[in-house]
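Numbering (this note's numbering), first residue to last: 2 to 132. In this text, a Cβ means the ideal position worked out from N, Cα and C, and glycines have one as well. Just so we're clear, the structure is a prediction, and the values are computed from it rather than from any experiment. These notes are about the structure you will find just below.
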């Protein structure tokens, strides 16, 4: 895997589901789309909180056919611990799930695509911000 491939954050998938054509077109042009298992958990949480669960579950399952899911492991945990420590030293902690997502991107040398600017605080993270 190279830095030319993207790991998508939860908010990017949500934008696709909301009908953001610009982001959807961009993603579908990529040769490979990666999604971290942490983001997948966040998406399932949202799906289980809405009334039209089956519709959203089908949409997510269709999207997942186009992606590779990356799970956290021991190597991710090492990176996560380093990132958390660095952020606390800077006095700039970010949400825990987002640190796991960043650690996954770093581990697999992927560019993280997100609309959360706080990822800019993370050293060694290849990050692409989109609105």
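Starting from residue i, trace the alpha helix (DSSP H) both ways and give me its first and last residue.
i           : result
residue 100 : 97-108
For residue i, is the beta carbon positioned less than 8 Å from some heavy atom of the ligand NAD?
i          : result
residue 31 : You won't find the ligand NAD in this model; it holds no ligand whatsoever.
By DSSP, does residue i sit in helix, in strand, or in coil?
i           : result
residue 17  : helix
residue 4   : Since pLDDT at residue 4 reaches only 43, below the 50 mark, its modelled position is unreliable, and no value is offered.
residue 114 : strand
residue 94  : coil
residue 124 : coil
Just to confirm the assignment, what range does the beta strand (DSSP E) spanning residue i have?
i           : result
residue 28  : Not the beta strand (DSSP E): residue 28 falls in the alpha helix (DSSP H), residues 22-30.
residue 8   : 7-9
residue 128 : 128-130
Please identify the residue among the options whose C-alpha is closest to the C-alpha of residue i.
i          : options             : result
residue 83 : 107, 30, 130 and 49 : 107
residue 42 : 52, 62 and 33       : 62
residue 12 : 123, 128 and 117    : 117
residue 67 : 28, 24, 73 and 16   : 28
Exercise. Tell me the start and end of each unbroken beta strand (DSSP E) in the segment 33-85 that is at least 3 residues and wholly inside, in chain order.
Key: The segment 33-85 contains these whole beta strand (DSSP E) runs: 34-37 and 68-71.
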